[in-house]
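K.L.:
When you line the sequence shown up against this note's numbering, it's residues 95 to 225, in that order. One structure follows; several queries about it will come next.
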Amino acid sequence: MTEFVREYEGNCVPRFPSYLRSNNPSLTEFQEGNLYVCLEQRLVRVQDQTVNLTAKEFDILALLIRNPKRVFTYEMIIDFVWNEDYSYYSRKAVNNHISNMRKKLKISPDVSDYIKSVAGVGYKFEYQPSP
């Protein structure tokens, strides 16, 4: 069965498996496991429950899901999300946003942890189904 994802123009395109997805800014919807994200509406749902993320949390999540399995350093996240010199912000700011986002996305024990830490480097999005 083929799933479809809307483009900005309203056309539908086949949803490719996560390992084939690339950084495609025209895709506005993303679904992996219990996680659904609509970039146009800035909407996040886990197990059909709406999750309220702050603007920065949503921007970090959007950055990570558009580039699955790619590791983003703390500096890259600050550069892409804050669009400012990262010397003003610390790793602690990124860690706090990621920590808060993880708590909000983990609505029950059986929900996967989508944001993976890469020790001493940064973070990546990776879906691994719960056992």
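For glycine and all other residues, C-beta sits at the position ideal for the given N, C-alpha and C.
1. According to DSSP, is residue 199 part of a helix, a strand, or is it coil?
2. Suppose only complete runs of 4+ residues qualify. What are the alpha helix (DSSP H) ranges in the segment 126 to 197, listed by chain order?
3. Please state whether DSSP places residue 228 in a helix, a strand or coil.
4. Using the Cα positions of residue 166 and residue 158, report the straight-line distance between them to the nearest angstrom.
5. Quick one: what's got a C-beta closer than 7 angstroms to residue 188's C-beta in the same chain, skipping five residues either side?
6. Just curious, the beta strand (DSSP E) that residue 205 is in, first and last residue?
7. Taking 9 angstroms as the threshold (C-beta atoms), are residue 137 and residue 148 in contact?
8. Given this structure, state the Cα-to-Cα distance separating residue 142 from residue 184, to the nearest angstrom.
9. Can you look up residue 215 in the DSSP assignment and give me helix, strand or coil?
10. Using only alpha-carbon positions, find the residue among 205, 213, 214 and 216 that is nearest to residue 222.
P.N.:
Concretely, from the data shown:
1. helix
2. 149 to 159 and 168 to 171
3. Summary: the structure shown does not reach residue 228, with the chain confined to residues 95 through 225, and so no result is reported for it.
4. 8 angstroms
5. 168, 171 and 172
6. Here residue 205 belongs to no beta strand (DSSP E), and DSSP marks it neither H nor E.
7. no
8. 34 angstroms
9. coil
10. 205
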